[in-house]
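Here numbering that gives the first Met the number 0 is used: the first residue of the sequence shown is 0, the next is one more, and so on.
Cβ coordinates follow ideal geometry from the N, Cα and C atoms, glycine included.
Notes to accompany the following structure.
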Amino acid sequence: MFQEGKNMAPESKKNLVYELLRDDIVAGRFPVGSKLPGGLELAKRYQVAHMTVRSAMKRLASENYVAFVNGSGTFVTNRDEKPVYLILSSNLSDFTLPGNYVVPGIQRAMALAGAQTKLCIRDFIARMRKTDFQKMIAREKIKGVFLVESYFHGTEPELKLLKSVDIPVVMPIAAAGDKKICPFSMIVADFEKAFAETLLYLKKLGHCRVATINGSGWSFRGYPRENFESLLLLNRMDGSLILDADLTPDEIKKCVDRILAEEQTAVLCYSDFYAIEVIRELRERGLRVPEDISVMGFCGYPGGEFTVPPLSTMDLCYDTVGVMAAELMLKSQDWFGKENVILESPHELQIRKSTRHWIEKLRKTI
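Here it is in C-alpha cells:
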C-alpha cells in the first residue's frame, strides 16, 4: 500500500502501520464492532512483515482501539468505554497479606487514568479451563492483568492461563525468585537490603543485644539463617537469640519469655504484625516500650502509626508500589511483546515511638 515504506527502519514501519490503522478506525472505515482483516492480509496490504503488523496491533490494543478475541480475530472497540484491567489476588480477608495494601494504590491510579479495574480471587481463576479463561478475557475485554502474588514455583495453573492470552501482566509484589519463573513485568523489593538497614538502625541506637522474631519456615527477609547470623556477627551484634514463631498469642508469649530471660534490649520482628503483638504482650507484663525494650517492625502496615506507642518500622511503601504497578501497566505498549520490565520497589525507614537510644539507667529491672 505504501512503496515508500520499503526502505524504512523497522520502528518507523511499525509507527506508520499503527497510524494508518488508527486513522481508518477514527474515520469509521473500520466501524466499532467490526472485525479487522487478518494479520497476514494487512502485512500484504502494507508491504511489511507480519511481526510489524502485530506490533502495531498491540499498540492499538493498549490504547483501546481494538481488542483481541482468541479464536475469532481482532475487533474495533468503543473507545468511550473505559478499558478494563483484572486484579488477581489471594484471600482478601487476611489483613497480613501485602496485596491488601498494594491493591488500593493500583485501583486509585488506574481510575485517575480513566481505566476500570475488576478484582478476582486467584484461586477462582486457577480452577478455570484454558478455553473458559480465554473466553472470559475476551468477553470482559480485559486489557491487562495485575498478578498480586509472589513466590511461584512455575507449576501454578494461573501462570499457564496467563501465558495463554496475549495481554500484558504486571506483578507488583514479586519475589526475587519470580524473575526466573514468571515471564511478566514485575516490581521486586530488595528485602535483604531493607532488612540490613533496619538492623543497622537499631545498632546506631546503641542496641547490640537484639532478638529477632522470624516467621516459621520463612527466610529472614531474603537471608538464609546462616547468612543472617553472619550479618549480625559482621555488625558485632549478639545473634544468640533468633526465634521462629507463628503469629499466634501463645507463640508470641513464648518469644517474649525468652527475650526477657536473656535480657535483650531490642526486638526486630519479621513484620509489623509480629511487632504489634510483641508490644501488646510486653505492656501486659507492665513493661515500657521503648524505655525498657525497643520494638521494631518491618513492612509498613498502615495501622502501625496508631499503635501505643506508634510503631517504628521499615516501610515497604505498598501504596507507592501500587501506583508504580499501574504506571507500568499504562506504559505496556513500550515493553509488552518486547522485553519485560523489572523495577525495584522503594523502602523507607519510619522512625516513631517504639524505638529509642539504649540508655541502661532508664531500664527498670525485668
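What do you reckon, are the CB atoms on residue i and residue j nearer than 8 Å?
{"i": "residue 370", "j": "residue 281", "result": "The requested residue 370 is not part of the displayed model; the chain covers only 0 to 365."}
{"i": "residue 358", "j": "residue 187", "result": "no"}
{"i": "residue 257", "j": "residue 240", "result": "yes"}
{"i": "residue 39", "j": "residue 86", "result": "no"}
{"i": "residue 108", "j": "residue 326", "result": "yes"}
{"i": "residue 84", "j": "residue 116", "result": "yes"}
{"i": "residue 310", "j": "residue 249", "result": "no"}
{"i": "residue 57", "j": "residue 335", "result": "yes"}
{"i": "residue 160", "j": "residue 127", "result": "yes"}
{"i": "residue 136", "j": "residue 169", "result": "no"}
{"i": "residue 47", "j": "residue 12", "result": "yes"}
Can you tell me the Cβ-Cβ gap for residue i and residue j, rounded? I've got them flagged as a contact below 8 Å.
{"i": "residue 328", "j": "residue 312", "result": "Contact flag wrong, Cβ pair sits at about 28 Å."}
{"i": "residue 21", "j": "residue 59", "result": "6 Å"}
{"i": "residue 144", "j": "residue 166", "result": "6 Å"}
{"i": "residue 234", "j": "residue 259", "result": "In fact, because the Cβ distance is near 23 Å, the residues do not count as touching under 8 Å."}
{"i": "residue 242", "j": "residue 213", "result": "7 Å"}
{"i": "residue 34", "j": "residue 82", "result": "At roughly 20 Å, the Cβ-Cβ gap does not stay under 8 Å, so residue 34 and residue 82 are not in contact."}
{"i": "residue 52", "j": "residue 41", "result": "5 Å"}
{"i": "residue 339", "j": "residue 223", "result": "The Cβ separation is near 27 Å, so there is no contact."}
Tell me which same chain residues have a C-beta within less than 8 Å of the C-beta of residue i, skipping the five on either side of it?
{"i": "residue 220", "result": "190, 191, 193, 194, 269, 297"}
{"i": "residue 36", "result": "44"}
{"i": "residue 101", "result": "147, 171, 172, 317, 318, 320, 321, 324"}
{"i": "residue 308", "result": "278, 288, 289, 351, 352, 353"}
{"i": "residue 178", "result": "185, 187, 341"}
{"i": "residue 103", "result": "318, 321"}
{"i": "residue 89", "result": "96, 98, 120, 121, 122, 147, 148"}
{"i": "residue 162", "result": "182"}
{"i": "residue 196", "result": "313, 346, 348"}
{"i": "residue 244", "result": "212, 213, 214, 215, 250, 251, 253, 254, 273"}
With respect to 7 Å, is the separation between the Cβ of residue i and the closest non-hydrogen atom of the ligand SAM below this value?
{"i": "residue 284", "result": "This structure simply doesn't include the ligand SAM, nor any ligand for that matter."}
With a threshold of 16 other CB atoms inside 10 Å of the CB of residue i, please say whether the residue is buried or exposed.
{"i": "residue 157", "result": "buried"}
{"i": "residue 99", "result": "buried"}
{"i": "residue 184", "result": "buried"}
{"i": "residue 215", "result": "exposed"}
{"i": "residue 110", "result": "exposed"}
{"i": "residue 303", "result": "buried"}
{"i": "residue 9", "result": "exposed"}
{"i": "residue 153", "result": "exposed"}
{"i": "residue 50", "result": "exposed"}
{"i": "residue 331", "result": "buried"}
{"i": "residue 16", "result": "buried"}
{"i": "residue 18", "result": "exposed"}
{"i": "residue 360", "result": "In this prediction, residue 360 has a pLDDT of 49, which is less than 50 and means its spatial position is unreliable; nothing more can be read from the coordinates."}
{"i": "residue 229", "result": "exposed"}
{"i": "residue 71", "result": "exposed"}
{"i": "residue 132", "result": "buried"}
For residue i, which residues in the same chain have their Cβ closer than 6 Å to its Cβ, ignoring the five residues on either side in sequence?
{"i": "residue 349", "result": "312, 314"}
{"i": "residue 174", "result": "149, 150"}
{"i": "residue 275", "result": "306"}
{"i": "residue 211", "result": "241, 267"}
{"i": "residue 125", "result": "156, 157"}
{"i": "residue 23", "result": "29"}
{"i": "residue 344", "result": "186, 188, 320"}
{"i": "residue 300", "result": "271"}
{"i": "residue 106", "result": "116"}
Can you name, in chain order, every residue of its own chain whose Cβ lies under 7 Å from the Cβ of residue i, other than the five neighbours on each side?
{"i": "residue 200", "result": "348"}
{"i": "residue 3", "result": "With a pLDDT of only 45 at residue 3, under the threshold of 50, the placement of this residue in the model should not be trusted; the figure read from the coordinates follows. Closer than 7 Å at Cβ, skipping near neighbours: no residue."}
{"i": "residue 114", "result": "81, 82, 84"}
{"i": "residue 252", "result": "280"}
{"i": "residue 202", "result": "234, 236"}
{"i": "residue 273", "result": "212, 246"}
{"i": "residue 55", "result": "13, 16, 17, 20"}
Determine, for residue i, whether the minimum Cβ-Cβ distance to residues of chain B falls below 8 Å.
{"i": "residue 66", "result": "The structure shown contains no chain B; it holds only a single protein chain."}
(message) Quick test of the definition: if touching needs 3 or more C-beta pairs under 8 Å, does the stretch 195-210 touch the stretch 257-274?
(response) yes
(message) With three or more beta-carbon pairs closer than 8 Å as the criterion, would you say the stretch 52-64 touches the stretch 76-90?
(response) yes
(request) Indicate whether the contact test is met: 3 or more Cβ pairs, each with one atom in the stretch 344-359 and one in the stretch 286-295, closer than 8 Å. (result) yes
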